[in-house]
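Working notes, beginning with the structure itself.
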Amino acid sequence: MERLKLATVWLGGCSGCHMSLLDLDEWLLELATVADLVYSPISDVKIFPSDVDLALVEGAVANDEHLELAHTIRRQTKTVVALGDCAVTGNVTALRNPLGSVRDVLQEVYINHGSPRAVVPDTSGIVPVLLDRVLPLHAVVPVDIFLPGCPPSAARIKGLIETLLAGKVPTEPVRFG
Amino acid sequence: MSARTLTINQTLVSAREGESVLEAARDAGITIPTLCHLDGLSEVGACRLCLVEVAGSSRLLPACRTTVSEGMQVQTDTPRLQEYRRAIVELLFAERNHVCAVCVASGHCDLQDLALHVGMTHVRYEYLAPSCAVDTSHPRFGIDHNRCVLCTRCVRACDEVEGVHTWDIAGRGVAARVITDLNVPWGEATSCTSCGKCLLACPTGAIFPRGSTVAEVQRDHSSITRIMTARGERW
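Top line first, the protein sequences correspond to chains A and B.
Just so we're aligned, residue 515 is where the first sequence starts under the working numbering, counting upward by one.
Just so we're aligned, residue 392 is where the second sequence starts under the working numbering, counting upward by one.
Here you go:
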C-alpha cells in the first residue's frame, strides 16, 4: 500500500491541537508504519512539500505568513483538515477582532496597557505582518474536513485519521464546544 | 375542546383545537428545532428555527405561532427547511462572539446543541466580531452580550413568571441588546428581585452566575415549566 504523506501545520494557535495529537502516544508508532510525516512543527522540515495527501492544520490565519502558507497547503494537498476551534472559527486567536484593525490592536496592547513611555515596536522585516482580521482557515482557502474542539480530543483525531486511511468519508457529527 | 386532524410529514396527527403546530408535532413525537421557545413561556416566533412548510401558504410559518387547523398539511424537515435552519444557526454564531472554548455554558448550551442538530460544520458567513459589553454590576449574576442570541427568553421569564419585567430589548437589528430597567447597569436596576429566573431561561452563556468559569454553568430549563405548572394548580 502507498504510504500516506501526512503534514501537520501550526498557524495562529497555541499548539494545543498538536499536544492532543501527541496524546495519541503509542498509536503514533502504528501511524508511522503506514504514514510519513512530511511536514510538521515537530519535524525539521522548512518547506511545505508537494503532493501531500493529508494536512491537519491547527490555528487561525492571523498574519501574512499564515496566509501564504495556507495557499501553499491548499495547492499541494489532497485533503485539508481544519483542526481545532482556531482553524474552524478563529476562536481565541480571533479575540482581538472586536478591537478593530491591527493599528487599534497594537495601540491597545502596547500603549493603552503599556508603560507611560511605551511605543509600538517597529518590527518591519523581522516578524510576519499581522492581518487586520484574524480569519478561520475556510475564509482563506477551501477546507475539506472540519474537526472543532479546543483542542479536539486525541480519540477524535485518531478516529478521523483512521477513517481517512481506510479511504472512507468521515460521517461523525460535528460538535462545537 | 374539539379535536383537529392534520398531516405532519405524511403522518396523520390528532391535535386539540387552538394548539400550535409545534405542540401537535411534539405530542406526535416529531422534533422541530427551537431556540426562543421555552416550555411555560409565551411564544414570540423570534428565532425562526421552527419554520415549517404548510400546504397552501407561499410563506414559511413558525410552528410555535401557527395554530392547527383541520386538514392542514405540514412539512417540518424538507431540504429547504434544513438549509434555512443551518443558515440561521450559522448567522447566530456570526453575529456575536460565541467563543465556545472560553464560554461558561460550553457543553450545556442550546446553541451548540442546535449546531449539532442542523449539521453545522463551520460558519460560512463573515464573523461580525462586534465589540460587546460584559455587565457584572449585579452582585450575583452577570450578562455577557457576546453570547446573547436575542431569544428574549429572559425578558419573558422575568415578565411572565416573576411578574417584574426588568429585562427588555433596546435598539434594532444587529445593534439590539437586552437591557435591564431603562438601560442602566443590572446592579442598578431597582426592579430586579435577583430571583435568577432569567438565568434559568437563558439558552447560552449570556446570563451566568458570577464567579462561574468555562463549561461550568448547567441549568435546568424545565424549572420555569415547574413553576408555571405549580402556579396553575394553586390558582
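Note that the Cβ used here is the ideal one computed from N, Cα and C, for glycine as well.
Everything numeric in this text was worked out from a predicted model, so none of it was measured.
8 angstroms Cβ cutoff, Val480(B) in contact with chain A: no
Neighbourhood of Gly527(A) by C-beta distance below 6 angstroms, restricted to the same chain and skipping five residues each side: Glu572, Gly573, Cys600
Short CB-CB distance (under 8 angstroms) between Ala566(B) and chain A: no
In DSSP terms, what Leu620(A) is bridged to: Paired residues: none, contrary to the question.
Buried or exposed (CB count within 10 angstroms, at least 16 for buried), Lys519(A): buried
6 angstroms CB neighbourhood of Met619(B) in its chain, flanking five on each side removed: Gly431
Runs of alpha helix (DSSP H) lying entirely within the segment 528–562 of chain A, each at least 4 residues, in chain order: 530–536, 541–548
Range covered by the alpha helix (DSSP H) that runs through Asp611(B): Counting along the chain, Asp611(B) falls outside any alpha helix (DSSP H), and DSSP gives it neither H nor E.
Three-state class that DSSP yields for Asp559(B) in the structure shown: strand
Beta bridge counterpart(s) of Ser405(B) as assigned by DSSP: Thr396(B)
Residues that His652(A) contacts on chain B, provided the C-beta gap is smaller than 7 angstroms: His513
Cutoff 7 angstroms; reference Leu403(B); Cβ partners in own chain excluding five residues on either side: Thr396
Pick from Leu545(A), Pro642(A), Ile640(A) that is closest to Leu674(A), judged by C-alpha positions: Leu545(A)
Outcome for Ser497(B) when other beta-carbon atoms lying within 10 angstroms are tallied against a minimum of 16: buried
Limits of the alpha helix (DSSP H) - the one that Ile421(B) falls within: Run containing Ile421(B): none; DSSP gives neither H nor E here.
Sequence-distant residues of the same chain with beta carbon closer than 6 angstroms to Gly533(B), five excluded per side: Thr527, Phe599, Arg601
First and last residue of the uninterrupted alpha helix (DSSP H) at Ile479(B): 470–486
Chain-ordered neighbours of Asn473(A) on chain B, where CB pairs are closer than 9 angstroms: Given a span of 515 to 691 for chain A in the structure shown, any question on residue 473(A) remains unanswerable.
8 angstroms Cβ cutoff met for Thr457(B) and Ser411(B): yes
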